[in-house]
Every structure is written in C-alpha cells, then in structure tokens.
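Residue numbers (our numbering): 11 to 270. The structure appears below as structure tokens.
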Ligand SMILES: [Mg+2]
C-alpha cells in the first residue's frame, strides 16, 4: 500500500499554465484540492522575484492560495545557507527585489568580504556585477546557487548559465550547494512547513530534469503532465504516472482515485 497522499506539489509553467494562461481545468483542480483533505503547494525554481510576489502573480492568474502555498528556490536557499552555517553576509547575483527579500530573511547583501557568493536568477545582470562576482571567486569565496536551470522558458538565461560562467573563472571552482529542484533543500522546506514526509508528497510537473528528478531524488511519487506535448526522453527518472492533460487530474488521476 502506498502512503496516503497528503501534499500535492505543482510545478507552474508548462504544468498549470502556459505564459500566464491557465490550462483548462487547472483552476478547478486547485479549488477541488482546497476542499479536500489534501494540501497543495506551488513549487517554483524562479528566484528573480520574492515568494510573496509569486503569491500575487498566481492570484491574478486566478489560482486560490495563501502565502504558505508557494515555495521557491529562494526559500530553499535560505534553508540551505542556514543549515550549512554559511554566514549571513552574501554577495547576491540577483535582482534588487530578490536581494531585498533575502535581507528580510536575515541576510546582508555586500561586496565587502562576503561569506559567500549566491547565484540567483538575475534579470538585472550587468558587467559590473559579473566583475565583482569573478573577483570574489578568484579570492576563494565559496559559491552557492538558488537553482540549476540553465534557461528559463521561453529562452531567458537563468542561474544555471551563471553557474557555468562562474566555474569558468578559475579551474577547480566547486559549487558548494544548490537549493531548488531537484535538490533536497526544497524538499526540506516542504517537510518543515507542512509536517509531511516525502512519501506523502506527489510532485506534478512537466520537466524530467527538474520535476521528475526532484521526486525521484527525494522519494516522492510523481505525475508527468504532458499537456499535449510529445513524451520527453525519461532516462533515469521514471514518473509514477503520465497524465496526458492536467484536467485529467480531476477524474482518473485524482490521487484518491489512484489509491494514493
Ligand atoms: Mg514547468
């Protein structure tokens, strides 16, 4: 008997909406979960804005939620940096909004002798910022990242590309920790916030390397949602079930109907 599903995790772009437009049935699905005995959480690797901004964005699109229903790679980075005892003085390759949000979480953004460099999704990247980051790496400052995605749809350079850039600064640069999907820190945030075990979580997403890998690495069940896209190559990461379209989670793929 599989563990009873208590927390349903949703990737956003490509799973519940595309370019800000919800797929048919997506909003009804969240409304139904809200009335059920299961909890739900939107899980995003996007660290270009604050988690609270994401909450507003999802409300505008039409999804009902409270702040606790969103977790980002930024939340996971806070958990990781605190758990690893990295220190609170960071140089953050990130947007002003994200830097401000991190300051609200007890960190200080500084270029003067920081404890670490934190790579995030920096949509305000400049040559000056890259120069400061490069000099810190050459001095041996440890490097962490909010998440590993190289490219954010539909083709924006994301944190993963900055990781490769920073690694090129000097041979042997090692990234000390990465927080978001598919890594464990995001799972720890969810365990702590909702008081559930990984085997009681179900990850619903459209990407193999992040969503399915997140579920597989952390011992969760997973649903691969195709939403009309061709079946991607799976490699090592097998989904528990494949859902052709997200609205089918309202009937044949409703977790209780699967015996979950
Ligand atoms: Mg996606």
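Idealized CB from N, CA, C, for every residue including glycine. Just so it is clear, the structure is predicted and the values come from calculations on it, not from any experiment.
Option nearest residue i by Cα separation, candidates the options
i: residue 85; options: 101, 57, 102 and 95; result: 57
i: residue 222; options: 195, 246 and 97; result: 246
i: residue 51; options: 154, 35 and 16; result: 16
i: residue 249; options: 93, 220, 161 and 106; result: 220
i: residue 82; options: 61, 75 and 102; result: 61
i: residue 180; options: 218, 152 and 163; result: 152
i: residue 190; options: 258, 45, 128 and 265; result: 128
i: residue 14; options: 155, 209 and 89; result: 209
i: residue 150; options: 37, 159 and 186; result: 186
i: residue 253; options: 269, 268, 266 and 236; result: 236
i: residue 29; options: 224, 165, 270 and 251; result: 165
i: residue 54; options: 145, 11 and 159; result: 159
i: residue 224; options: 192, 138, 218 and 207; result: 192
Continuous beta strand (DSSP E) stretch holding residue i: start and end
i: residue 272; result: Within the shown structure, residues of the chain are numbered from 11 to 270, placing residue 272 beyond reach of any answer.
i: residue 19; result: 17-20
i: residue 49; result: 49-54
i: residue 101; result: 99-103
Through-space distance from residue j to residue i, alpha-carbon basis
i: residue 199; j: residue 21; result: 16 Å
i: residue 263; j: residue 147; result: 48 Å
i: residue 142; j: residue 121; result: 7 Å
i: residue 214; j: residue 34; result: 16 Å
i: residue 69; j: residue 79; result: 11 Å
i: residue 31; j: residue 94; result: 38 Å
i: residue 183; j: residue 18; result: 37 Å
i: residue 140; j: residue 230; result: 37 Å
i: residue 126; j: residue 162; result: 24 Å
i: residue 59; j: residue 112; result: 10 Å
i: residue 226; j: residue 243; result: 15 Å
i: residue 205; j: residue 197; result: 11 Å
i: residue 132; j: residue 103; result: 6 Å
i: residue 41; j: residue 74; result: 7 Å
i: residue 39; j: residue 26; result: 9 Å
i: residue 96; j: residue 194; result: 17 Å
i: residue 46; j: residue 268; result: 15 Å
i: residue 49; j: residue 114; result: 27 Å
i: residue 76; j: residue 188; result: 26 Å
i: residue 259; j: residue 178; result: 44 Å
i: residue 255; j: residue 238; result: 7 Å
i: residue 170; j: residue 176; result: 10 Å
i: residue 265; j: residue 116; result: 38 Å
i: residue 202; j: residue 88; result: 13 Å
i: residue 72; j: residue 64; result: 12 Å
i: residue 136; j: residue 172; result: 12 Å
Anticipated Cβ contact below 8 Å, residue i with residue j, distance rounded
i: residue 271; j: residue 124; result: The structure shown has nothing for residue 271, since the chain only spans 11 to 270.
i: residue 261; j: residue 24; result: In fact, because the Cβ distance is near 21 Å, the residues do not count as touching under 8 Å.
i: residue 109; j: residue 119; result: 5 Å
i: residue 212; j: residue 233; result: 6 Å
i: residue 134; j: residue 105; result: 5 Å
Bounding residues of the alpha helix (DSSP H) (the contiguous stretch that carries residue i)
i: residue 233; result: Careful: residue 233 lies outside any alpha helix (DSSP H), inside the beta strand (DSSP E) at 231-235.
i: residue 58; result: Premise fails: residue 58 is in no alpha helix (DSSP H) and is neither H nor E.
i: residue 108; result: 106-114
i: residue 88; result: 83-93
i: residue 41; result: 36-45
Below-8 Å beta-carbon distance, residue i vs any chain D residue
i: residue 46; result: In the structure shown, chain D cannot be found, because there is only a single protein chain.
Which parts of the stretch 211-267 are runs of the alpha helix (DSSP H), unbroken and 4 residues or longer, counting only runs that do not cross its ends? DSSP runs (the alpha helix (DSSP H)) wholly in the stretch 211-267: 223-228.
Complete runs of the alpha helix (DSSP H) confined to the stretch 111-196 [at least 4 residues]: Qualifying alpha helix (DSSP H) stretches, in chain order: 137-148 and 169-177.
Mind listing, in chain order, the residues whose beta carbon lies closer than 7 Å to a non-hydrogen atom of ligand 3? The ligand content of the structure shown is limited to ligand 1, which means ligand 3 is not among them.
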